[in-house]
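*Asks:* This is the structure I want to talk about, given as structure tokens.
Protein chains: 2
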Amino acid sequence: MDTDLTNGLANVTDHLRRPGPLTGVRVVDFTENMSGPLATMMLGDQGADVIKVEPPDGDILRSLGTHVGGLSAFFANLNRSKRSVGLDLRAEKAATVVAALVDGADVVVHNFRPAAASRLGIDAAALTPKRPRLIHVSIVGFGSVGPYAGRPAYDHVIQALAGFAALQTVGEGSPTLVRQGIIDKVTAYHVAQAVTAALLERTRTGLGQSIEVSMLDVAIAALWPDGMMNHTILAPDEIRTPISRSFRVTPTADGFIAFVTLTARQQEQFLKAVGFGDAKRATGELMRQGAQVIATRPTQEVVDLLSSYDVPVAPVVGLESLHENDQVQANDAIDEFLHPYLGPVRQANPGVRFADRRAGDLRPAAKLGDHNTEVLTELGFEDAVIRDLTSSGVLAVDRAATA
Amino acid sequence: MDTDLTNGLANVTDHLRRPGPLTGVRVVDFTENMSGPLATMMLGDQGADVIKVEPPDGDILRSLGTHVGGLSAFFANLNRSKRSVGLDLRAEKAATVVAALVDGADVVVHNFRPAAASRLGIDAAALTPKRPRLIHVSIVGFGSVGPYAGRPAYDHVIQALAGFAALQTVGEGSPTLVRQGIIDKVTAYHVAQAVTAALLERTRTGLGQSIEVSMLDVAIAALWPDGMMNHTILAPDEIRTPISRSFRVTPTADGFIAFVTLTARQQEQFLKAVGFGDAKRATGELMRQGAQVIATRPTQEVVDLLSSYDVPVAPVVGLESLHENDQVQANDAIDEFLHPYLGPVRQANPGVRFADRRAGDLRPAAKLGDHNTEVLTELGFEDAVIRDLTSSGVLAVDRAATA
């Protein structure tokens, strides 16, 4: 073996043996729906101990969409790598549990509207003054001031307000939305990074901090680099076509492909591939004729052809066949495993895999209150107290589980 | 003043005084295009010293799209908070500069295809063996193995392969793409978080690591929670409509709005708002009639009406008027300032604002090689050596700047 290869193998083995980078971090998570839960799932996937505190009815997503036994796929896809504690925050006796949870936490996250957070006693003003090392994160929809402050926020409406819908028009017909909770997800990534940055800062300063993340702010920051490229410079030398126009698919004989010819070389290579190699330069008309050639040939043939000319290309893959795609399989991007409550499931592996963690190796989504006793015992509550909190309904569990 | 308010103010002041959470971290960034540069801009916005190393022609995005003096808005929106060093990595003399840069770095990021990275000597095998504390990140399009490994990747083609295009169909007509580089951006957020997590881990273990991030893996992980909610459970009890169907806009008399009626209460409130408060339950027909009522009224009136019933709603705001929106202004989400090269510009503030950093307060995007001498002097190169590297073209600067 040469030295490089040996080093490479040593690194791989070392990597596999490591615990996640967020090992030793405890997150107490009061969030529901998508942005908060996805953020804390990423932290949990990376080794943090995430305690999800849910109201007696559970996170609203538990019962939303396709499910087994009342546990939805939507919820399970956002709440891996967590423990669940069901807690009625409105009950007077909940206060001691909240205090114990927060005292043991490095990070607290919630996404209640400001008034509700304050009423439940989990806002920064209630939790941070006596805990200088605590990192407190509040996720809000629109902002804490302004005409929309306190209004209910969903991904759809933030997409409308933040320009995502307008960008999906680009001159033709009606605006449309991105048909997934893209801003919730982008917010989640920002929250996960911000929490990790605050933890890093704390190793240097010894201090935590309170962070407010607005979905609207995150959406506008996310839209900007390419989406606002023609609304950035107020007095440009030259205005060119925005890149949004290049985002389109092309039909083949049996499906669709996406390919990219943004550079002169890509255009030349594309024209060679479709038999117009003699052309002196790539005109719009020639590119259209090239697309007509593609429309007569099967997808796989076109993908192979354009790839052989180094033109960026891929087939449009359907949701139902994503797991069968050769490249997706080569990446081991999707894991199929037996979920304790849902039976056989497919889930995407974490986008970045530290220590090669696979979805099936991680703690699967729990039922409401699965870890009430475990967590409260760790926090020092006595059995009798836990029993009292349970019988009085302060601690809640899944209704089916108690039936 | 009551105690809560005093604490609140103290926290704000404390927050404003702080340097960014990534202060003290040096990132050497060999990336071009969008995913890598956006990731390192986030780290730079948070206080990291990011040295962007560019080829003699500069990052390909410098000349793409609307511009002033050859510096594009697209580039400027992705390369704030960095210093620029122009370096011809193919030149023999570049090796000492690369070694010095890497020796002084906590993090090295590149997004060359694997073969190119190896040829240029900045792959993990070349850089990490003698530097156990280094965090090395390689961003790849499809993956390092498999049929697409080494093929050129753009956002468009990853959207096609990863199910983003298929999700934009949902049963009607052709698939379409999200009309922005959404996977590049989602990849950037994953990279920024992964780097920050690796830095945090290093404070515990003393060890860096090599991280490979595949855009395809990230895209599939991002799609999954909601986009694949009906392709997660292999034997569901009940199949329900996927949430993707709810992502649509509704016309008003003078524009479009997005509103959400996912819960029974939201449907009831919506029907009350549009004058069907007597209805026993929300049928599809009634909801359609409600939409017809909306179509006859002006946008602002509909937004105020539905908001007063606590129905999530917002107008579809055009890209050209985003900065004028009341809520966007209340959030101070967009900063207008004088860029040294571009003149007056608008840029989004960072999505999460540590220490209240605004776009205009951050280091603006540089011209190619603006910091050649500054950085090499810091690294200990003597003036004569820097002059020699410059005259021999190993160090490169913006052509207009030398003309």
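Heads up: the sequence lines are chains A and B, in that order.
Letter by letter, the first sequence follows residues 3 to 405 in our numbering.
Letter by letter, the second sequence follows residues 3 to 405 in our numbering.
The C-beta atom is built at its ideal place from N, Cα and C for all residues, glycine as well.
Met44 (chain B) touches chain A at which residues, Cβ-Cβ below 8 angstroms?
*Replies:* Here residue 44 (chain B) refers to the residue found at position 42 when the second sequence is read from its first residue. Near Met44 (chain B) (Cβ distances below 8 angstroms), the residues of chain A are Gln195.
*Asks:* Note down, one range per segment and in chain order, each alpha helix (DSSP H) of at least 4 residues found wholly within the region 137-178 of chain B.
*Replies:* 157-163, 166-169
*Asks:* Looking at the secondary structure, which residues open and close the alpha helix (DSSP H) in which Leu378 (chain B) lies?
*Replies:* Residue 378 (chain B) sits at position 376 when you count from the first residue of the second sequence. Where Leu378 (chain B) is concerned, the enclosing alpha helix (DSSP H) starts and stops at 374-380.
*Asks:* For Phe278 (chain A), which of A:Leu264, A:Val295, A:Phe339, A:Thr265 has the nearest alpha-carbon?
*Replies:* The residue labelled residue 278 (chain A) in the question sits at position 276 within the first sequence. It is A:Val295.
*Asks:* Quick one, which of A:Arg365, A:Val396, A:Lys369, A:Ser216 has its alpha-carbon nearest Ser83 (chain A)'s?
*Replies:* Indexing the first sequence from 1 puts residue 83 (chain A) at position 81. When only C-alpha atoms are compared, the closest one is A:Arg365.
*Asks:* Which residue comes first and which comes last in the alpha helix (DSSP H) that contains Pro116 (chain B)?
*Replies:* Stepping through the second sequence from its first residue, residue 116 (chain B) is reached at position 114. It spans 116-122 - the alpha helix (DSSP H) in which Pro116 (chain B) sits, taken as one unbroken run.
*Asks:* If we count the other Cβ atoms within 10 Å of its Cβ and call it buried at 16 or more, is Gly208 (chain A) buried or exposed?
*Replies:* On the first sequence, position 206 is the one that residue 208 (chain A) refers to. With fewer than 16 other Cβ atoms within 10 Å, it is exposed.
*Asks:* At a cut of 8 angstroms, does the region 131-138 of chain A reach the region 194-211 of chain A through at least three beta carbon pairs?
*Replies:* Touching, yes.
*Asks:* For Leu218 (chain B) versus Ala155 (chain B), is the C-beta spacing smaller than 9 angstroms?
*Replies:* Within the second sequence, the letter at position 216 stands for residue 218 (chain B). Within the second sequence, the letter at position 153 stands for residue 155 (chain B). Closer than 9 angstroms, so yes.
*Asks:* Would you mind sorting Leu340 (chain B) into buried or exposed? The rule is 16 or more other CB atoms within 10 Å of its CB.
*Replies:* Numbered from its first residue, the second sequence carries residue 340 (chain B) at position 338. Its Cβ having fewer than 16 others within 10 Å, Leu340 (chain B) is exposed.
*Asks:* Mapping the DSSP letters down to three states, classify Leu340 (chain B) as helix, strand or coil.
*Replies:* Counted from its first residue, the second sequence places residue 340 (chain B) at position 338. In the three-state reduction of the DSSP assignment, Leu340 (chain B) falls in the strand class.
*Asks:* Which whole-angstrom value describes the C-beta separation of Arg321 (chain B) and Gly165 (chain A), a residue pair presumed to lie in contact below a C-beta threshold of 8 angstroms?
*Replies:* For the purposes of this step, residue 321 (chain B) is identified with residue 319 of the second sequence, where counting begins at 1. For the purposes of this step, residue 165 (chain A) is identified with residue 163 of the first sequence, where counting begins at 1. Reading off the sequence shown, one finds Leu at residue 321 (chain B), where the question assumed Arg. 5 angstroms between Cβ atoms; contact.
*Asks:* Does the contact criterion of 3 or more C-beta pairs under 8 angstroms hold for the region 357-372 of chain A versus the region 71-90 of chain A?
*Replies:* yes
*Asks:* Between which two residues does the beta strand (DSSP E) containing Ile213 (chain A) stretch?
*Replies:* Sequence index remark: in the first sequence, residue 213 (chain A) carries index 211 (1-based). If you look at Ile213 (chain A), you'll find it in the beta strand (DSSP E) that goes 211-216.
*Asks:* Where does His233 (chain A) fall in DSSP's three states?
*Replies:* Translated into the one-based positions of the first sequence, residue 233 (chain A) becomes position 231. Coil at His233 (chain A), not helix or strand.
*Asks:* For the alpha helix (DSSP H) containing Ser37 (chain B), name the first residue and the last one.
*Replies:* Taking the second sequence and counting its residues from 1, the one referred to as residue 37 (chain B) is at position 35. First-last of the alpha helix (DSSP H) with Ser37 (chain B): 37-47.
*Asks:* In whole angstroms, what separates the C-alpha of Phe272 (chain A) from that of Ala200 (chain A)?
*Replies:* Here residue 272 (chain A) corresponds to residue number 270 of the first sequence, with the count starting at 1. Here residue 200 (chain A) corresponds to residue number 198 of the first sequence, with the count starting at 1. Taking the straight line joining both Cα atoms gives about 47 angstroms.
*Asks:* Could you please give the first and the last residue of the uninterrupted beta strand (DSSP E) stretch that includes Ala350 (chain A)?
*Replies:* Position 348 of the first sequence holds residue 350 (chain A). Unbroken beta strand (DSSP E) run through Ala350 (chain A): 345-350.
*Asks:* State the DSSP-derived secondary structure class of Gly406 (chain B), mapped to helix, strand or coil.
*Replies:* Any property of residue 406 (chain B) remains undetermined from this structure, which presents chain B solely from 3 to 405.
*Asks:* Along chain A, which residues have their Cβ under 9 angstroms away from the Cβ of Pro58 (chain B)?
*Replies:* Here residue 58 (chain B) refers to the residue found at position 56 when the second sequence is read from its first residue. Ordered by position in chain A, no residue passes the 9 angstroms Cβ test against Pro58 (chain B), which lies about 17 angstroms from the chain.
*Asks:* What's the gap between the Cα of Leu179 (chain A) and the Cα of Ile185 (chain A)?
*Replies:* Taking the first residue of the first sequence as position 1, residue 179 (chain A) is located at position 177. Taking the first residue of the first sequence as position 1, residue 185 (chain A) is located at position 183. In a straight line, the C-alpha of Leu179 (chain A) is about 11 angstroms away from that of Ile185 (chain A).
*Asks:* Applying the criterion that 16 or more other CB atoms from any shown protein chain within 10 Å of the CB defines a buried residue, is Lys282 (chain A) buried or exposed?
*Replies:* Numbered from its first residue, the first sequence carries residue 282 (chain A) at position 280. Answer is exposed; the Cβ neighbour count stays below 16.
*Asks:* In angstroms with no decimal places, state the Cα-to-Cα distance between Thr265 (chain A) and Ser65 (chain B).
*Replies:* Locating residue 265 (chain A) in the first sequence gives position 263, where the first residue counts as 1. Locating residue 65 (chain B) in the second sequence gives position 63, where the first residue counts as 1. Each residue's CA atom was taken as its position, placing Thr265 (chain A) and Ser65 (chain B) some 11 angstroms apart.
*Asks:* Counting only C-beta atoms, is His69 (chain A) closer than 9 angstroms to chain B at any point?
*Replies:* By one-based count along the first sequence, residue 69 (chain A) stands at place 67. It does: the Cβ of His69 (chain A) has a partner Cβ on chain B nearer than 9 angstroms.
*Asks:* Looking at chain A, is there any beta carbon in it that lies within less than 9 angstroms of the beta carbon of Asn113 (chain B)?
*Replies:* Numbered from its first residue, the second sequence carries residue 113 (chain B) at position 111. Output row for Asn113 (chain B): interface = no.
*Asks:* Identify the continuous alpha helix (DSSP H) that holds Val188 (chain B) and give its terminal residues.
*Replies:* In the second sequence, the residue the question calls residue 188 (chain B) occupies position 186. First-last of the alpha helix (DSSP H) with Val188 (chain B): 184-207.
*Asks:* Out of B:Gln349, B:Val399, B:Pro342, B:Gln302, which one is the CA nearest neighbour of Asp328 (chain B)?
*Replies:* As a working note, residue 328 (chain B) is residue 326 in the second sequence. Of the listed residues, the one whose Cα sits closest to Asp328 (chain B) is B:Gln302.
*Asks:* Decide if the region 97-107 of chain A is in contact with the region 369-383 of chain A; the criterion is three or more beta carbon pairs, one per stretch, under 8 angstroms apart.
*Replies:* yes
*Asks:* Could you tell me the distance, in whole angstroms, from the CA atom of Asp90 (chain A) to the CA atom of Glu34 (chain A)?
*Replies:* Translated into positions along the first sequence, residue 90 (chain A) becomes position 88. Translated into positions along the first sequence, residue 34 (chain A) becomes position 32. When rounded, the distance between both Cα atoms is 14 angstroms.
*Asks:* CB Gly88 (chain B) to CB Val399 (chain B), shorter than 9 angstroms?
*Replies:* Taking the second sequence and counting its residues from 1, the one referred to as residue 88 (chain B) is at position 86. Taking the second sequence and counting its residues from 1, the one referred to as residue 399 (chain B) is at position 397. Their beta carbons are under 9 angstroms apart, which means Gly88 (chain B) touches Val399 (chain B) by this criterion.
*Asks:* Using a Cβ-Cβ cutoff of less than 6 angstroms, which residues in the same chain neighbour Gly49 (chain A) once the five nearest sequence positions on both sides are dropped?
*Replies:* On the first sequence, position 47 is the one that residue 49 (chain A) refers to. Within the same chain, Gly49 (chain A) has close Cβ partners Pro21, Gly22, Leu24, Thr25.
*Asks:* If you follow the alpha helix (DSSP H) that Ala97 (chain B) is part of, which residue opens it and which one closes it?
*Replies:* Taking the second sequence and counting its residues from 1, the one referred to as residue 97 (chain B) is at position 95. Here the alpha helix (DSSP H) through Ala97 (chain B) covers 96-105.
*Asks:* Just checking: is the beta-carbon of His17 (chain A) within a distance shorter than 9 angstroms of some beta-carbon in chain B?
*Replies:* Within the first sequence, numbered from 1, the residue matching residue 17 (chain A) stands at position 15. Residue confidence for His17 (chain A) is low, a pLDDT of 46 falling below 50, so the modelled location carries little weight; the figure read from the coordinates is stated next. For His17 (chain A), the answer is yes, since a Cβ of chain B falls inside 9 angstroms of its Cβ.
*Asks:* Could you confirm whether any beta carbon from chain A is found closer than 9 angstroms to the beta carbon of Ala275 (chain B)?
*Replies:* Residue mapping note: residue 275 (chain B) aligns to position 273 of the second sequence, counting from 1. Cβ-Cβ to chain A under 9 angstroms: no for Ala275 (chain B).
*Asks:* Leaving aside the five residues before and after Asn13 (chain B) along the sequence, list all residues of the same chain whose C-beta is less than 6 angstroms from its C-beta, in chain order.
*Replies:* Numbered from 1 along the second sequence, position 11 holds the residue referred to as residue 13 (chain B). Unreliable positioning characterises Asn13 (chain B) in this predicted model, as indicated by a pLDDT of 45, which lies under 50. A coordinate reading is not provided.
*Asks:* So, at 7 angstroms on beta carbons, what are the nonlocal neighbours of Ala162 (chain B) in its own chain, with the 5 sequence-adjacent residues on each side left out?
*Replies:* By one-based count along the second sequence, residue 162 (chain B) stands at place 160. Cβ within range, chain order: n/a, list empty.
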